[in-house]
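Read the structure below first, then the notes.
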Amino acid sequence: QVQLVESGGGLVQPGGSLRLFCASSGSRFDYDVMGWYRQAPGKQRELVAFFTATGRTNYAESVKGRFTISGDNIKNTVSLQMNNLKPEDTTVYYCYGNWGSRTYWGQGTQVTVSS
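Offset between the sequence shown (1-based) and our numbering: plus 10.
Structure representation (structure tokens):
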């Protein structure tokens with residue numbers, strides 16, 4: 011059973027930065043894709059960014075130019091560097107990973123952007 015554990019969330023002022031980190035364990039294989047979703051109360055889940063085993067990345071339009079995702083599919087980890095954070099980035103961020111046809115999720119980490 012694959013487990014994903016996030017860290018790095020917290021409270022930051024508008025314009026500040028945070029780095030989220032997600033580590034996986036329990037898989038004998040390297041991941042195909044790892045990334046981050048976020049979901050605010052009452053809103054649809056939004057794909058923030060993902061990183062593939064081949065090094066391809068993809069970002070939501072709302073975070074392009076501000077967030078950078080990086081991954082290591084040997085260590086099975088993924089990071090999300092978030093710069094120039096805005097109040098609308100406030101929500102819970104969930105790490106996910108695809109191993110073959112199965113998707114696994116972390117427990118979520120809260121990011122709050124407020125002055």
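Just so it is clear, CB atoms sit at the ideal spot from N, CA and C, and this is done for glycine as well.
Taking 8 angstroms as the cut-off, the Cβ atoms of residue 31 and residue 43 do not count as close.
A residue is called buried when at least 16 other Cβ atoms come within 10 angstroms of its Cβ; residue 57 does not meet this threshold and is exposed.
About 5 angstroms separates the beta carbons of residue 29 and residue 18, which is inside the 8 angstroms limit, making them a contact pair. Looking at the backbone, the Cα of residue 21 and that of residue 102 are separated by about 12 angstroms. Between residue 123 and residue 96, the gap from beta carbon to beta carbon is short of 8 angstroms. Between the segment 114-121 and the segment 63-81 there are fewer than three C-beta pairs closer than 8 angstroms, too few to call the two in contact.
Taken in chain order, the whole beta strand (DSSP E) runs of length 3 or more contained in the segment 16-75 are 20-22, 28-35, 43-49, 56-62 and 67-69. Residue 74 and residue 94 have their C-alpha atoms spaced approximately 11 angstroms apart.
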